[in-house]
Amino acid sequence: DNVHVGVGVCIFGGGGVTRAERDKGARGEREVAAIFRAHGFECERTPNSGGLHIPGDIVGVTGVHVEVKRQETARPWAWFEQAARESLVTPGYVIPVVAFRRNGSDWLALLPLADLVKLLTLSGKPPAYDPALEELCGG
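So the sequence shown is numbered by the numbering used here: it starts at 3 and just counts up by one.
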């Protein structure tokens, strides 16, 4: 259960999260879902992300567990450990992915290198340049 402790602060599982931080995270999740949808994936932000015990921040991208982090201080090891741990809940092999950015930067993705190589091999060709994707991703 969440405990409200003052104006705009809510405790989730022992850590304090301000309303502004929660809103920033939700905006980040919507941005990442929009990038996936722009490429034909039927996905959405997990309803009540973090509050319903549904693993992942984005649902609908088959074979991938997506955690979204919209923070100024990078904690890649902790973020990836969360994504990897939560990806185990899904039957079959699911690639754990962390999509992250800070203010003023492009979205980046953190995933196992072996999985990146497999994905590139499956595509059979190098990715084509797409100016629309560059703009959507903040480039």
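C-beta atoms are modelled at their ideal positions from N, C-alpha and C, and glycine is treated no differently.
In the DSSP assignment, Val68 falls within the unbroken beta strand (DSSP E) covering 66 to 72. Distances from the alpha-carbon of Val63 to those of Ile37, Ala22, Ala76, Glu74 put Ile37 closest.
Per the Cβ contact rule, the stretch 94 to 107 is in contact with the stretch 72 to 79 (3 or more Cβ pairs under 8 Å).
With fewer than 16 neighbouring CB atoms inside 10 Å of its own CB, His41 falls in the exposed class.
Nearest C-alpha to Phe43 among Asp132, Val66, Glu83, Val100: Val66.
In summary, Ser125 is exposed, with fewer than 16 beta-carbon neighbours lying within 10 Å of its beta-carbon over all protein chains present. Counting the other Cβ atoms within 10 Å of the Cβ of Arg47 gives 16 or more, which makes it buried. By DSSP's assignment, Ala111 forms a beta bridge with Ala101.
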